Amino acid sequence: MATTRIPHPHTDEWYDNLAKIQIGYYYPWTSVKSEGNGEDAYMHLVKQHLTPDSIVLDVGCGHGDVALELAELCKKIIAYDRVTSYIELAKRNAQEKAIENVEFLCHDAKDLMHEQITLPAEDNSIDVIIARRGPLHWLEDARRVGHPGTVMIQLCPMEEPIPAWSNKLPHVMHYENCGRYTGAGSIHQSVENRLNQNGFMLHSGWGFDVPEIFDQPEELYKVLTWGLPADEIPAYEDVEHRLLSIFEHHAEAAGIILRHCRYLWKANII
12 MATTRIPHPH
22 TDEWYDNLAK
32 IQIGYYYPWT
42 SVKSEGNGED
52 AYMHLVKQHL
62 TPDSIVLDVG
72 CGHGDVALEL
82 AELCKKIIAY
92 DRVTSYIELA
102 KRNAQEKAIE
112 NVEFLCHDAK
122 DLMHEQITLP
132 AEDNSIDVII
142 ARRGPLHWLE
152 DARRVGHPGT
162 VMIQLCPMEE
172 PIPAWSNKLP
182 HVMHYENCGR
192 YTGAGSIHQS
202 VENRLNQNGF
212 MLHSGWGFDV
222 PEIFDQPEEL
232 YKVLTWGLPA
242 DEIPAYEDVE
252 HRLLSIFEHH
262 AEAAGIILRH
272 CRYLWKANII
């Protein structure tokens, strides 16, 4: 097996590697999330703040599934991501669905040369800024593109506990190496710090921690290898016996349970 440095989850390098492994940004595994989870709450909250006249900016839109779902509820969505293949897929999906009020842009908001953040929107043009599982750096340019009354909503993955059985697998498959694990620490505090640094105040914040159930070892394998370089991970057949042992000794009646943890927050530009 070739020796490859494993990119740290959710860095630009990690996203670039993921784009080579799968088409689009999505979770490749099948699981059951309990009711009351943060993903559902995010979509519900965003929809509450959209009107037929809303101009929306979707930060780090991936392959555009959220923007396309919301398109009929607002006037226009500007959706961007730095990964070219995601935007190309988003444009194809929009064309197939005949959705014309979403503008997909390949854009990297981080201008390293000038050490500044630039969002792809005109001054005072955006009514709602949304971000699902994206970074926080966009806050630095939010006031320019927004206006008094602009609503900002973001869903952030929270740090999830490392399962007790993680070290029973090869090191590369330890939970903290996979893309599901954020290592975000206190995301609540990180959000409030970023808001305060940019002159904003948190309006509301909600934490969600619900069970996510995996009933097949193949699906758990997909979680634990998500985003890792293909030449670094063992084949499923080589670790199947370990995964079956984990199910035998650690599964509950429905299967192996991981925690699905999210922090949802909302703020307004005043």
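Heads up, the final residue of the sequence shown is numbered 281 in the working numbering, and it's a clean run with no missing numbers. The beta-carbon is built from N, C-alpha and C at its ideal position, and this holds for glycine as well. Predicted model, so just to flag it, every value in this text is computed and none were measured.
query                                                                                                                                                              : result
Under the rule that 16 or more other beta-carbon atoms within 10 Å means buried, what is Ile137, buried or exposed?                                                : buried
Using C-beta distances below 6 Å, list every residue in its chain close to Glu171, excluding the 5 sequence neighbours before and after it, in chain order.        : Arg270 and Cys272
I'd like to know whether the C-beta atoms of Cys85 and Ile110 end up nearer to each other than 9 Å.                                                                : no
At 3 residues or longer, and completely inside the stretch 88 to 164: list those beta strand (DSSP E) runs for me, N to C.                                         : 113 to 117 and 139 to 143
At the 9 Å Cβ level, is Leu206 part of the contact set with chain D, yes or no?                                                                                    : In the structure shown, chain D does not exist; there is a single protein chain.
At a cut of 8 Å, does the stretch 155 to 165 reach the stretch 131 to 146 through at least three beta carbon pairs?                                                : yes
One question on the structure: do Gly47 and Arg144 come within less than 9 Å of each other, judged by their Cβ atoms?                                              : no
Over what stretch of residues does the beta strand (DSSP E) that includes Ala175 continue unbroken?                                                                : First-last for Ala175: undefined, no H or E at that position.
Report all residues from its chain with a CB closer than 6 Å to the CB of Gly216; omit the five preceding and five following residues, and keep chain order.       : Trp276
Am I right that Leu81 and Ile88 are in contact with their C-beta atoms under 8 Å? What's the rounded C-beta distance?                                              : 6 Å
Under 9 Å, do Ile244 and Lys179 count as touching if we go by C-beta distance?                                                                                     : no
How far does the beta strand (DSSP E) with Leu68 in it reach, from first residue to last?                                                                          : Ile66 to Val70
If you draw a straight line from the alpha carbon of Gln127 to that of Pro146, how long is it in whole angstroms?                                                  : 15 Å
Return yes when the Cβ of Ile141 is within less than 9 Å of the Cβ of Met7, no when it is not.                                                                     : With the chain covering only 12 through 281, there is no way to say anything about residue 7.
Please list the segments of the beta strand (DSSP E) lying wholly inside the stretch 21 to 71, counting only runs of 3 or more residues, in order along the chain. : 66 to 70
Between the alpha carbons of Gly283 and Lys58, how many angstroms are there, rounded?                                                                              : Missing from the structure shown is residue 283; the chain here goes from 12 to 281 and no further.
Note down the Cα distance separating Asp249 from Glu263, rounded to an integer number of angstroms.                                                                : 24 Å
Can you tell me whether DSSP reads Glu80 as helix, strand or coil?                                                                                                 : helix
Using 9 Å as the threshold, is the C-beta distance between Asn209 and Glu151 below it?                                                                             : yes
So what does DSSP say about Ser215, is it helix, strand or coil?                                                                                                   : strand
Excluding sequence positions up to five away, which residues of its chain have a Cβ less than 6 Å from the Cβ of Ala101?                                           : His74, Gly75 and Phe115
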